[in-house]
Amino acid sequence: YTLQKTANLIDTMFVYPKRMLQNLESTGGLVFSGQLLLDLVEHGLSREDAYRVVQKHAMHAWQEGKNFRELVLADKTITDRVPRKQVERAFDLNRQLRNVDKIFARVFQEKSTARRIRGGKPSARPA
């Protein structure tokens, strides 16, 4: 039942890429906080310390309406440990989406394989 409802939702969904990008940009970079945390850990900060640093800037950005990316790039604690270019890469949308095509290919390949197993018949969906 849930899968059928989800499939119907996806089949009838409208996607507005420009609006999606505007929504991402409206966060001032907050959507990249997880990647920044991982990059800080990769450069030697403990996970707890990285979390504290990222959370401090995220909360400041959220509460004061500041740009998270700018706050992070102005923090010597971060830029002394992680090269500026690496910090900037944390905010790269293409980096976050680099495997999307592979994931789609794998999902749709699995769907195609499932159809072959069922004898080539797509699953019936209620009208």
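Read the sequence shown against the working numbering and you will find it ends at 779, with the numbers running on by one and no gaps.
Backbone N, C-alpha and C fix where the C-beta goes; we use that ideal spot for every residue, glycine too.
Just so you know, these numbers come straight off a predicted model, no measurement behind them.
Rank L655, R721, R671, E700 by C-alpha distance to the C-alpha of H709 and give the top, closest one. Of the candidates L655, R721, R671, E700, the one whose C-alpha sits nearest the C-alpha of H709 is R721.
Measuring CA to CA, which of A659, G680, T658 is closest to D744? Of the listed residues, the one whose Cα sits closest to D744 is G680.
May I ask you to report which of helix, strand or coil DSSP gives K718? Here K718 sits in coil by DSSP.
Residues near R747 by beta carbon distance below 7 Å, same chain, minus five either side: Same-chain partners within the cutoff: R741.
Cβ neighbours of N780 in the same chain (closer than 7 Å, five flanking residues each side left out): Not covered by the structure: residue 780. The range shown for the chain is 653 to 779.
Rounded straight-line distance, which links the Cα of L655 to that of E683: One point to set straight first is that residue 683 is Val, not Glu, in the sequence displayed. Each residue's Cα considered, the two are about 28 Å apart.
Under 8 Å, with one C-beta from each stretch per pair, do the region 685-701 and the region 725-738 reach the 3-pair mark? Between the region 685-701 and the region 725-738 there are three or more C-beta pairs closer than 8 Å, enough to call the two in contact.
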